[in-house]
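Q: Pasting a structure here, questions to come.
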Amino acid sequence: MLTPYDFQENLQQRAQYIRNRLRAGSPVIGISYDNGVLLLALKRRGRKVYEIYDRLMFSAIGNQADVENLRLAAIDFAHQEGFVRSPDDVTIQRVVGFALSPALKKAFGDPLTTPFVARALFAELHDAPEGDQFYTLNYDGEFLPYERFAVIGGAPHAEEQTTRYLEAQLTRIPTLETALPIALTAWGVAYEAAQQEDVDAVSEDAARNRLREMLGEAQVEVGILERQTLRENRFRLLPQNQLEPYLKRL
Amino acid sequence: MTIQTYSGDFYELLQQYQAQSGVRVPLLSPIDAPNPAPNAALEVHGTTVIALKFQGGVLNVGDRRATAANAVMYDRADKIIPLDDYTLVAIAGAYGRAMEVVRYLRHSFKYYARSQLQPMSLDGKLQEVSRALSANLPNALGGIGLFIPILSVYDPDRDSGRIFFYDVSGARFETPEYGAAGSGSERIRGVFDYITKTRGPFSQRPLEEALREAILLLDIAADLDAATGGIDKVLPTARYVNREGVFEVPEATIRDIVQSIRSGGNG
């Protein structure tokens with residue numbers, strides 16, 4: 001029997017489909033520290049953390065092609081605006097809120113197109129850590145601003161737990177050296193929590209164990225935007241040998 | 251279904267933007283000036299910029315004066331500009347158009363690197379400069395917007411600095427030891443040859459020596475050319491590029507060299 005088209009049911013099904021696919025996603029942790037901002041993720045093969053513009057970087061979980069589309073759309077908008085107007089006018093809220101969000105919402109609500117399977121985290125560097133901003137962008141176009149730190153993971157309850165963990169750990173503005181171990185454990189918390197439905201709080205040990213286990217098949221990738229640097233590009237990926245000591249101490 | 255392609259071409263992106271928004275991007279459309287422009291004489295590129303090789307890189311030094319005919323318009327123009335972490339450009343000529351092209355190139359290199367996840371090749375960058383210059387050719391012919399860039403790059407494949415210069419239409423030439431552009435450069439060109447022939451190539455000498463040599467040459471150029479700002483009133487700018495990236499020579503270092511030249515030390 002043919003059932004009539006139900007808008008609400010359709011959206012629910014689409015959301016369910018996307019949530020199931022995001023669930024296995026590898027989380028991303030963002031932390032603002034004294035001399036910059038970092039995004040930490042685990043990569044299996046390809047890159048995970050990308051530079052968008054002079055003071056803007058991005059990472060996402062989800063379908064590779066969708067993530068690429070988001071990334072390129074953000075880069076296009078940022079460079080177009082940065083050239084036609086000024087690099088100072090390329091802000092995180094314009095890129096996420098106006099360039100990307102409406103397109104995501106449109107794709108999600110339109111029954112004739114495939115929705116984006118992606119959840120993204122953007123980070124923007126300012127002159128002082130107090131000004132640094134993070135935005136999460138959801139597959140349905142919803143976006144939320146954060147300060148000091150932010151996380152995206154496979155499930156909302158995993159993000160909540162990780163946020164609580166980061167809240168407790170980051171009592172003051174960290175340095176890169178103190179932020180990295182916190183970000184690593186937070187990654188473990190986010191990943192472990194997303195795998196388990198009913199555990200209320202993942203212990204730090206369980207989180208680190210999970211991370212150690214994952215390091216067998218994946219590599220930690222950390223992208224940073226530096227506040228003070230002599231280089232033209234503020235963005236760079238931390239070299240593996242700089243991460244090694246932190247991974248050994250896990 | 252249409253498959254969108256991403257070539258990382260910034261020119262293409264701007265063309266799309268222009269077509270979609272209807273907003274005119276000045277770089278892509280020549281300024282409508284009568285041909286030739288009545289004030290073409292204003293476009294004498296009065297300046298001196300010098301690019302010198304040193305061990306492991308290239309040094310750029312430029313005066314700070316911007317002129318229009320015989321008026322000094324501005325005393326703190328910066329004519330040595332980094333395009334990315336491996337590329338410096340020194341400009342002589344119409345400042346407005348030059349800055350627009352420099353802005354374009356900076357975006358173009360970064361846009362390619364960020365979208366394609368690999369840096370633009372050296373040849374790709376040099377070609378992009380040619381393209382920007384030939385796009386600017388109608389302006390140059392119209393008498394507004396003639397400028398000449400010198401590109402200094404660090405070439406990781408050869409582990410050495412390289413210098414390229416262009417003509418107005420975008421033709422590219424590589425020069426082995428030094429490059430100079432602007433009205434003052436004509437008058438000191440022979441000195442470079444004299445130095446390399448009597449004291450050996452610049453590329454074998456340390457940065458400090460090249461810096462001293464370049465500032466002294468700029469001083470001589472300023473003596474012979476009214477449109478070159480010289481080294482006394484406002485200190486010249488100096489930047490260099492080597493394996494580690496692009497760096498600015500601190501003002502204090504330049505001031506010391508200028509003082510030592512004035513007090514007769516080697517000057």
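If you read the sequences in order, they're chains L and W.
Counting in our numbering, the first sequence runs from 1 upward without gaps.
Counting in our numbering, the second sequence runs from 251 upward without gaps.
Using N, Cα and C, we set each Cβ at its ideal position, and we do this for glycine too.
This one's a predicted model, so the numbers in the text were calculated from it and none came from an experiment.
Provide the residue(s) that pair with W/Lys303 in DSSP beta bridges, ordered along the chain.
A: In the second sequence, counting from the first residue as 1, residue 303 of chain W sits at position 53. BP columns for W/Lys303 point to W/Val308.
Q: Among L/Asn69, L/Ala107 and L/Val96, which one has its Cα closest to the Cα of L/Leu11?
A: Indexing the first sequence from 1 puts residue 11 of chain L at position 11. Comparing Cα positions, the closest option is L/Ala107.
Q: For W/Val299, which of W/Val496, W/Arg437, W/Asn492 and W/Tyr444 has the nearest alpha-carbon?
A: In the second sequence, residue 299 of chain W corresponds to position 49, counting from 1. Nearest option by C-alpha distance: W/Arg437.
Q: Measure from the C-beta of W/Asn371 to each C-beta in chain L and report whether the shortest distance is under 9 Å.
A: Locating residue 371 of chain W in the second sequence gives position 121, counting from the first residue. The displayed chain sequence assigns Ser, not Asn, to residue 371 of chain W. Not one chain L Cβ lies under 9 Å of W/Ser371.
Q: Please list the partners that L/Leu247 has in chain W, where partner means a Cβ-to-Cβ separation under 7 Å.
A: What you label residue 247 of chain L is simply residue 247 of the first sequence in a count that begins at 1. Ordered by position in chain W, no residue passes the 7 Å Cβ test against L/Leu247, which lies about 24 Å from the chain.
Q: Is L/Ala218 near L/Arg55, with beta carbons less than 9 Å apart?
A: As a working mapping, residue 218 of chain L is identified with position 218 in the first sequence. As a working mapping, residue 55 of chain L is identified with position 55 in the first sequence. It is not a contact, given that the beta carbons lie outside the stated cut-off.
Q: Going by alpha carbons, who is nearest to L/Arg231 out of W/Asp482, W/Asn492 and W/Thr478?
A: As a working mapping, residue 231 of chain L is identified with position 231 in the first sequence. Of the listed residues, the one whose Cα sits closest to L/Arg231 is W/Asn492.
Q: Applying the criterion that 16 or more other CB atoms from any shown protein chain within 10 Å of the CB defines a buried residue, is L/Val96 buried or exposed?
A: Position 96 of the first sequence, counting from 1, holds the residue named residue 96 of chain L. The residue is buried, with at least 16 neighbouring Cβ atoms inside 10 Å.
Q: Measure the alpha-carbon distance for W/Asn320 versus W/Ala477 and round it to whole angstroms.
A: What you label residue 320 of chain W is simply residue 70 of the second sequence in a count that begins at 1. What you label residue 477 of chain W is simply residue 227 of the second sequence in a count that begins at 1. Distance between the alpha carbons of W/Asn320 and W/Ala477: 8 Å.
Q: When burial is assigned at 16 or more other CB atoms within 10 Å of the CB, is W/Val311 buried or exposed?
A: Numbered from its first residue, the second sequence carries residue 311 of chain W at position 61. Buried.
Q: Closest to L/Leu237 by CA distance: which of L/Glu9, L/Leu215 and L/Met57 is it?
A: Position 237 of the first sequence, counted from the first residue, corresponds to residue 237 of chain L. Of L/Glu9, L/Leu215 and L/Met57, the residue nearest in Cα terms is L/Met57.
Q: Just reading off the beta strand (DSSP E) that L/Gln219 is part of, what are its end residues?
A: Mapped onto the first sequence, residue 219 of chain L falls at position 219. Residues Gln219 to Glu226.
Q: Is W/Val352 near the ligand NAD, going by C-beta to nearest heavy atom under 8 Å?
A: Only the bare structure without any ligand can be found here, which leaves the ligand NAD out of the picture.
Q: I'd like to know if L/Asn233 contacts chain W, where contact means its C-beta is closer than 9 Å to some C-beta of that chain.
A: As a working note, residue 233 of chain L is residue 233 in the first sequence. Yes, contact with chain W.
Q: Output the boundary residues of the alpha helix (DSSP H) element that contains W/Gln270.
A: Taking the first residue of the second sequence as position 1, residue 270 of chain W is located at position 20. For W/Gln270, the uninterrupted alpha helix (DSSP H) run begins and ends at Phe260 to Ser271, by DSSP.
Q: Evaluate W/Leu474 with the Cβ neighbour count: other Cβ atoms within 10 Å of its Cβ, from every protein chain shown; 16 or more gives buried, anything less gives exposed.
A: As a working mapping, residue 474 of chain W is identified with position 224 in the second sequence. With fewer than 16 Cβ atoms within 10 Å of its Cβ, W/Leu474 is classed as exposed.
Q: Going by Cα to Cα distance, which pick from L/Val220, L/Phe77, L/Leu211 and L/Val117 is closest to L/Ala60?
A: What you label residue 60 of chain L is simply residue 60 of the first sequence in a count that begins at 1. The shortest C-alpha separation from L/Ala60 is found at L/Val117.
Q: DSSP on W/Asn320, reduced to helix/strand/coil?
A: Here the question's residue 320 of chain W lines up with position 70 in the second sequence. W/Asn320: coil per DSSP, three-state reduction.
Q: Spatial neighbours of L/Glu226 within its chain, please: CB distance less than 6 Å, with the 5 preceding and 5 following residues excluded, ordered by chain position.
A: Taking the first sequence and counting its residues from 1, the one referred to as residue 226 of chain L is at position 226. The answer, listed in chain order, is Gly36 and Arg234.
Q: Report the rounded CA-to-CA distance for W/Leu292 versus W/Ser371, giving the unit in angstroms.
A: For the purposes of this step, residue 292 of chain W is taken as the residue at position 42 of the second sequence. For the purposes of this step, residue 371 of chain W is taken as the residue at position 121 of the second sequence. Per-residue confidence for W/Leu292 stands at a pLDDT of 46, beneath the threshold of 50, marking its modelled position as unreliable; the derived number appears in the next sentence. Computed Cα separation, rounded: 36 Å.
Q: Please check if any C-beta of chain L sits within less than 9 Å of the C-beta of W/Val308.
A: Residue 308 of chain W sits at position 58 when you count from the first residue of the second sequence. W/Val308 does not count as touching chain L.
Q: Check this for me: beta carbons of W/Glu424 and W/Arg412, under 9 Å apart or not?
A: Numbered from its first residue, the second sequence carries residue 424 of chain W at position 174. Numbered from its first residue, the second sequence carries residue 412 of chain W at position 162. The Cβ atoms of W/Glu424 and W/Arg412 lie closer than 9 Å to each other.
Q: W/Asp313 and W/Ala471 - do their beta-carbons sit closer together than 9 Å?
A: To locate residue 471 of chain W, count along the second sequence from 1; it is residue 221. To locate residue 313 of chain W, count along the second sequence from 1; it is residue 63. Yes.
Q: Are L/Ala190 and L/Thr162 touching if we call contact CB-CB under 9 Å?
A: As a working mapping, residue 190 of chain L is identified with position 190 in the first sequence. As a working mapping, residue 162 of chain L is identified with position 162 in the first sequence. For L/Ala190 and L/Thr162, yes; Cβs fall inside 9 Å.
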